[in-house]
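The structure under discussion appears below in the form of structure tokens.
Protein chains: 2
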Amino acid sequence: MLKFDVQVSSAVRTTEEREAAAVGPLSATLLDQMQRYWQAANFLTVAQIYLRGNPLLREPLRPQHIKPRLLGHWGTSPGLSLIYVHLNRLIRERDTNVIYLAGPGHGGPALVGNAYLEGTYSEVYPEVTQDAAGLRLLCRRFSTPGGIPSHVSVQTPGSIHEGGELGYVLSHAFGAAFDAPDLIVAAVVGDGEAESGPLAGAWRSTAFLNPARDGAVLPILHLNGYKISGPAVIARDSDDDIAAFLQGNGYDAHFVEGDDPPHVHQAFAATLDWCYERIRGIQQDARAGGLVGRPRWPAIVLRTPKGWTGPKEVDGQPAEGTFRSHQVPMADIRTNAEHLALLESWMRSYEPETLFDADGRFMPDLAALAPRGDRRMSANPSANGGTVLVDLDIPDFRDYAVDVDRPAVVRQESTRQLGKLLRDVFVRNAKSANFRLFCPDETKSNRLGNVFEVENRCFVGPNLDVDDHLSADGRVMEVLSEHLCEGWLEGYTLTGRHGLFATYEAFAMVSASMTVQHTKWLQEARNLPWRAPVASLNILLTSTCWRNDHNGFSHQGPGLIDVMLSKRGTVTRIYLPPDANCLLSVADHCLRSRDYVNLIVIDKQPQLQFLDMETAIAHCADGASIWHRASTDDGREPDVVLGSAGDIPTMETVAAAWYLRQFVPDLGVRVVNVVDLMRLFPARHHPHGMTEAQFVDLFTADKPVIFAFHGYQRAIHEIVHGHPDVDRIHVRGFNEQGTTTTPFQMAVMNEMSRFHLAAEAIRHVPRLRDRAPALLAECDARIAEANAYAREHFEDQPEIRDWVWSD
Amino acid sequence: MLKFDVQVSSAVRTTEEREAAAVGPLSATLLDQMQRYWQAANFLTVAQIYLRGNPLLREPLRPQHIKPRLLGHWGTSPGLSLIYVHLNRLIRERDTNVIYLAGPGHGGPALVGNAYLEGTYSEVYPEVTQDAAGLRLLCRRFSTPGGIPSHVSVQTPGSIHEGGELGYVLSHAFGAAFDAPDLIVAAVVGDGEAESGPLAGAWRSTAFLNPARDGAVLPILHLNGYKISGPAVIARDSDDDIAAFLQGNGYDAHFVEGDDPPHVHQAFAATLDWCYERIRGIQQDARAGGLVGRPRWPAIVLRTPKGWTGPKEVDGQPAEGTFRSHQVPMADIRTNAEHLALLESWMRSYEPETLFDADGRFMPDLAALAPRGDRRMSANPSANGGTVLVDLDIPDFRDYAVDVDRPAVVRQESTRQLGKLLRDVFVRNAKSANFRLFCPDETKSNRLGNVFEVENRCFVGPNLDVDDHLSADGRVMEVLSEHLCEGWLEGYTLTGRHGLFATYEAFAMVSASMTVQHTKWLQEARNLPWRAPVASLNILLTSTCWRNDHNGFSHQGPGLIDVMLSKRGTVTRIYLPPDANCLLSVADHCLRSRDYVNLIVIDKQPQLQFLDMETAIAHCADGASIWHRASTDDGREPDVVLGSAGDIPTMETVAAAWYLRQFVPDLGVRVVNVVDLMRLFPARHHPHGMTEAQFVDLFTADKPVIFAFHGYQRAIHEIVHGHPDVDRIHVRGFNEQGTTTTPFQMAVMNEMSRFHLAAEAIRHVPRLRDRAPALLAECDARIAEANAYAREHFEDQPEIRDWVWSD
């Protein structure tokens, strides 16, 4: 067995610290009160897991008081509550601003219990009253159908971090601390989740935290030794190795270890005081202009037994301190009298009668230990970011318009215009310090480089003369980790700020699971009236599958669209602006929006510009509209509709319409462009969706529709099902055919080129049946010709000659 | 600027090592030869990036020799080639078995160049001959349309690791080393990719590498300071902090730093020798029975300038050693005479005339430095795992059958039967040592615990008495990281072994991007005749969205199905066995298959068993079939088809059929079950897809189809489009409605309950139009009744009473 003697590692503690720990800063009274507060939190944790009645043990425990099914996680909870109680003391004594992020997945009952003890839970859920009835309801809701999950969740007041999918507590914590100079984010890292890649990579966020303008993150690595069954890897490491690991990530480790509560209380209090002083010292130095290099931040390593204060043994097997305490230390309570007795003696060991008064109200002397009002971690406004959100000051996006006198003539890098807008967003909001751009080292590559006229890359550490726009004060957050970019942005927006995550399309899949989890967070938050709306999570996908130049097949994948399509319409939005002016209009909308996950997909290379600004605005407002100038149906019912969504598909579609005008002049062709992909859903499936009448207005009721799509070809069928006669919709799109090649060859490989689209149109118009063989032969010849040209000139990466707009 | 004096960090080097480095193990002749070999590799790298003709510089360089578009990455390449040349020496001198995994994304030309120099490239691509013509072709194929990408790719012989998406080199390396006692996997980690979460988490794989039976991984952390534009975070750390970081991850760091080639050669050679001795020492000790705790493995930190040996300055700006060398140090070669001259003098600095003979053949004295035959890293059989693949010895899966006398009566945890089969797979293949189970600490939770009768969890480090089936010899790989599970398994199968990754369904999204990248790898490998087929990547998804008990909405998401649906049919398979016997049949098929990514989705809780083994085998062979016993159409054309895919949907569907039999006895209902989801595609879209005739045989040509689907509801429409009249297919499935609740309530919330399915059927059968209001009212009443029961008994997690099979 691991030993849990109180000890302070010699590796990292000074003599002063050690002495302080031995004596401890807590008076006997305070120590006793904190111990009892902790007992109350532990009691409530056990009660939530086990009890459906008799929550205060005012009568002997009987089988009918026990839940029929025991769910929840005891193991991590006592440690989480210990930390909570100690942070409360820190907040009260220093009148400081702290939020609590609980990394260990299933410590829900601990955090819920503490939110209840300090009153916030009853404020946001008034039915859970501060009395015996409220306690009973608290227990009955926990981990029960229709209740709350066993992990820290959106429903937990004070949380900005769901304990569902593991690994993001540190990236969320740093995101919360950026530009929050006053805030300390206490981030508890479980030893299980510490094994996950995103968590492991997030330690190094220290290289991006500037004490002169940011808040602080205090990581508390909680080692209790086990996951569900196996040992936690880092928990078996020596203190020396753990200290080295933290040193290598920019921290100074402070160890607190033990299983004797009074000693652990004193040691933890002393360590927390020391870390607080150190944090404020670092900040004061930096704010006095003394930031040199990168500070070494304090971190706490807390080693306490799994299921601490729980049963030592169950059925002759060790329980406390082992994996057997991970979830429910003993089951069968209803049928096993011995287990029932063990549970009762366990719960009574917390002396509930000394914790709650006759009405079931928390004892006043203990309740007084909690911070007041907004200082309570469960009520801290930063953990309900919408309450402190300041609107972005966004310049008029029309000022960045590309002049488009004639459509499809000018070529322009569309994202460069967005970069200019973002530059001025930085300028206008410099005082509010509430906007950041997150990107895996691709800001310039993505043509957003104009931001560097006014803003720098963030790097806290040695800067060299040769560095390019690098500063500890920068708000362009470049790190080669999609997980960090996404996690930081999530933490930043959930605490009431704004941002954009710009990344290569294919590699947005790296953090897709985080995007899904954030979407779920927003979906649930919308059902909670007490959670104020936050800024949307804006994701710009560039370097798309259609234009990857020297990169090959591994870089080609529009998969995030599919991932987001299935999420609830209340939250998800996907925009495919075909050119710069549409991009500007869309971006403006997204930056102003609340509680959405917005995907914006557009390439970064020079591309044909189609719409002048006023037309673009109207088009984006509609989300989808007929492009009359590219159409040849003269407003009549066309023979065929050519639809598109995405920049390259739109270019190919417009070219296909032009081609058909040359070779089948009597064909009525309507061109429809879709910017807001969700418009294609039936209205009953998505709030942006179209009614049947609207759909028919654009796509007719029964004419063939040839649709060129940026994303995976068949996803469109998932969207349009439910509209009239969807069998007639024939989609071309990315079909998992790719290599290192030109955009035109990519279109050919995936059978989405202008000639393929024209051929598909010809094939499906009944009245062309007789002429189709000749027309299709012509298309085939064109494809062969284009292919031959591309093969011949393959090193020239040829732009196949431009096809102009039809007028 | 960072200094690149030759230095050996005092933090970790012994005096002996330091002296060895100063003198060095290389004779003057060997040093000269290795330097020239390295020059040749660098020359080929530059040639691939810049040249389309005159590849040997036999005439003065002119604009027409230059590629029209310059793509590729010079910066990381010289370091990668240096390591290659030194590993070659190690292999030859020690006759040892080494493969090379290049983490830095875009070092393609370096690895391709080295594969060419040692002859393998010409062996697998005979058109790229060992002469001037071959060299010209080598250059023209690089990063060119229709050629090879600029990163290390599937096409690169010797690679099992694509340099596309970053972050997986260490997990692949450890996967390759498991159960390969003879193999050393040299894994170069770029300082950029070191920022990614999956890479950061993979260092700790040391806790799972057993020197007594596994090979070794030698990480070489290559610091050259920059990503595309910004500094690499770890590269700005002090040697002390880097050594501490590596110590904390289980390594002993050895630093080699410099910019003077001879000194770096000597220092690197000495360090490599030392590390090799250390690795073999650790292994010998362990194999002599001396494994105590966890060995501390050597790791090399190589700090050399970015773009080393490239132009020092371009246009008055520093180039070598800065981010400006990341890709192409200078462009505009065709039009800028100064750049052309600089390129020529740069290339001539490698003295190509001393490296290649008159015919363009590599000089024999240099070629002789490369290892021979299979010892060449580019020809090592482990890097073409299919060539060394040993078939799994799989017991007859029929032996694990659940007895099903009457369908839908017996309840059984289906995955428990699979666990028994896997147990015996472990036993039968113990000698071959070529099967492992990978899982984030959920093996028991997923009901696969029978494997622990014969196999242990793997953990190399201190074991405690209280630990449960834990051993350094275990082959059940539990780590709380989906990235590690997936990456290890990928490395394990790509080097010729077998395995299964079992994980919670929702969190399979964590590593979805890796799954996509592996799928792409297999798709491309299938086009290369020289790559032998490898075992499939098998992924078992349990704890599905329909049955999550105490976990809430964050744990509910069948998204990986959508991700895999869009991938090429040659590679991807999705199976949804409805019960244990189908699961066994499917698993047997998957374990025997090659070059697929197989998803198997099934819940772990007790569930109704439908098919006896012989029926299950026939059903799985068909992939989809009519369940006559549940149907009431008596073989005639039914009024409605009830289809399903997935366990809970199948239970609800069968119950809906039974319900309809009671209340609408004159209705002809056909029940169709789908095990192999890809069967639903039109045959022209997927090799498992159905012809129109087959589809009509199952689903009729025009009758309404009510389909209950395990995954996101609308995904089915993506699959079936192209079959006759898909407007008539009405799908119910996961619709992003979830919370902590029972499976039945989940079905109700997502409107997929038996009553919802029955109502949907009634709604769509034309001849029921008159009776529909009454019938639908009855359905609504049933839903309300069931809901009320569930609300009343919500703590009982009620199993709504079972609906039996119809006969």
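Sequence lines, in order, name chains A and B. Under the numbering used here, read the first sequence as residues 1 to 807, first letter to last. Under the numbering used here, read the second sequence as residues 808 to 1614, first letter to last. C-beta atoms are modelled at their ideal positions from N, C-alpha and C, and glycine is treated no differently. The model shown is predicted, which means the values in this text are computed figures rather than measured ones.
Beta-carbon proximity list for residue i, same chain, < 7 Å, skipping 5 on both sides
| i | result |
| --- | --- |
| A:Leu340 | Leu61, Pro63, Ile333 |
| A:Trp805 | Residue confidence for A:Trp805 is low, a pLDDT of 41 falling below 50, so the modelled location carries little weight; the figure read from the coordinates is stated next. Only Arg406, Pro407, Ala408, Arg629, Ala630, Val654 meet the Cβ criterion. |
| A:Asp807 | Per-residue confidence for A:Asp807 stands at a pLDDT of 36, beneath the threshold of 50, marking its modelled position as unreliable; no derived number is given. |
| A:Trp38 | Ser81, Leu82, Val85 |
| B:Glu1459 | Ala1515, Ala1554, Met1559, Ser1560, Arg1561, Leu1564 |
Rounded C-alpha distance that separates residue i from residue j
| i | j | result |
| --- | --- | --- |
| A:Leu583 | B:Thr1322 | 31 Å |
| B:Glu934 | B:Gly941 | 7 Å |
| B:Asn1257 | A:Arg436 | 51 Å |
| A:Gly643 | A:Gly107 | 50 Å |
| A:Tyr846 | A:Gly105 | In the structure as shown, chain A begins at 1 and stops at 807. Residue 846 of chain A is therefore absent and cannot be evaluated. |
| B:Gly1004 | A:Ile626 | 45 Å |
| B:Glu1262 | B:Met1316 | 28 Å |
| B:Arg1338 | A:Gly215 | 53 Å |
| A:Ala207 | B:Phe1314 | 29 Å |
| B:Asp1441 | A:Ile617 | 59 Å |
| B:Leu1348 | B:Val1121 | 54 Å |
Cβ-based burial, residue i [other Cβ within 10 Å; buried from 16]
| i | result |
| --- | --- |
| B:Gly1123 | exposed |
| A:Leu464 | exposed |
| A:Gln284 | exposed |
| B:Trp1153 | buried |
| B:Gly954 | buried |
| A:Leu484 | buried |
| B:Thr1161 | exposed |
| A:Glu614 | exposed |
| B:Cys1469 | Residue 1469 of chain B is actually Gln in this sequence, not Cys. Flag for B:Gln1469 reads exposed. |
| B:Gly1096 | exposed |
Test item: CB-CB of residue i and residue j under 7 Å
| i | j | result |
| --- | --- | --- |
| A:Asn538 | A:Cys590 | yes |
| B:Arg1110 | B:Gly1268 | no |
| B:Cys1246 | B:Glu1289 | no |
| B:Asp1369 | B:Tyr1519 | yes |
| A:Thr572 | A:Val534 | no |
| A:Arg204 | B:Val1040 | yes |
| B:Leu1025 | B:Ile1049 | no |
Selected residue, minimal CA-CA separation from residue i, among the options
| i | options | result |
| --- | --- | --- |
| B:Pro1573 | B:Ala1584, B:Pro1511, B:Pro1531, B:Gly1518 | B:Pro1511 |
| B:Asp1200 | B:Arg1282, B:Gln1224, B:Phe1233 | B:Phe1233 |
| A:Ser27 | A:Trp74, A:Leu80, A:Arg89 | A:Arg89 |
| A:Asp647 | A:Asn551, A:Asn54, A:Ser753, A:Leu421 | A:Ser753 |
| B:Asp839 | B:Glu1127, B:Val1071, B:Gly971 | B:Val1071 |
| B:Gly982 | B:Ile1569, B:Val1393, B:Val1283, B:Arg1155 | B:Val1283 |
Cβ-based neighbour list, residue i, same chain, cut-off 6 Å, excluding 5 preceding and 5 following
| i | result |
| --- | --- |
| B:Asp1248 | Glu1285, Leu1287 |
| A:Ala47 | Pro55, Cys139 |
Same chain, Cβ closer than 8 Å to residue i, five either side skipped, listed in chain order
| i | result |
| --- | --- |
| B:Asn1358 | Ser1350, Thr1547 |
| A:Glu505 | Leu541, Thr542, Ser543, Thr544, Cys545, Gly557, Pro558, Leu560, Val601 |
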